[in-house]
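Please read the structure below before turning to the comments.
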Amino acid sequence: MSEPVNIDDLKGLFPLSMSKDEVKPHLNRSIWDYSHVEFEDDLQKVEVIGSKTLYYLAPLLWIEMQDRVNEYEESLQTFKDVKTFQSYWLDRANSALNKTNNDETDEVSYLCI
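In our numbering, the protein residues as written are 191 to 303.
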């Protein structure tokens with residue numbers, strides 16, 4: 191059985207320079223997290239599983255970025271707070287997933303307080 195998302199798919203979401211051995215356990219965990227979900231299409235599958243993988247990889251990416259701080263000073267601004275970076279990728283995974291599981295995907299909804 192082929193894997194639903196591969197490491198090259200992840201590189202389409204975020205430029206990864208980490209080895210496959212470093213990425214694979216986090217990708218496998220993300221695939222497992224969503225093993226019960228039926229996706230609309232491959233694009234959504236990559237978006238959800240890939241974003242969740244980047245969420246899991248965030249601490250390692252942060253360390254890697256710190257090692258290259260002088261090289262990538264601009265990017266450091268977005269990595270200042272690893273929790274914010276993780277939150278971005280988790281929110282992205284959840285929002286892509288919720289589009290499938292919501293019957294009113296293309297309608298505007300209002301919440302009254």
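Cβ coordinates follow ideal geometry from the N, Cα and C atoms, glycine included. All of these numbers come straight from a predicted model, not from anything done at the bench.
Residue i, buried or exposed, once every other Cβ within 10 Å from all chains shown has been counted against 16
| i | result |
| --- | --- |
| GLY240 | buried |
| GLU230 | exposed |
| GLU237 | buried |
| HIS226 | exposed |
| SER220 | buried |
| LEU217 | buried |
| LEU247 | buried |
| LYS235 | buried |
| LEU233 | exposed |
| ILE303 | For ILE303, the predicted structure reports a pLDDT of 47, less than 50, and the residue's modelled location is therefore unreliable. A value from the coordinates is still provided. Answer is exposed; the Cβ neighbour count stays below 16. |
Secondary structure of residue i, DSSP reduced to three states
| i | result |
| --- | --- |
| ASP271 | coil |
Neighbourhood of residue i by C-beta, 7 Å cutoff - its chain only, sequence neighbours within 5 removed
| i | result |
| --- | --- |
| LEU206 | LEU200 and VAL213 |
Own chain residues within Cβ distance below 6 Å of residue i, not counting five before or after
| i | result |
| --- | --- |
| PHE204 | LEU244 |
| ILE197 | LYS210 and VAL213 |
Sequence-distant residues of its chain with Cβ nearer than 8 Å to residue i (five each side left out)
| i | result |
| --- | --- |
| MET208 | LEU247, LEU250, LEU251 and GLU254 |
On the three-pair Cβ rule with 8 Å, is the region 276-284 touching the region 237-251? yes
What residue ranges within the region 194-262 form continuous alpha helix (DSSP H) runs of no fewer than 4 residues, ordered along the chain? 197-203, 210-223 and 232-257
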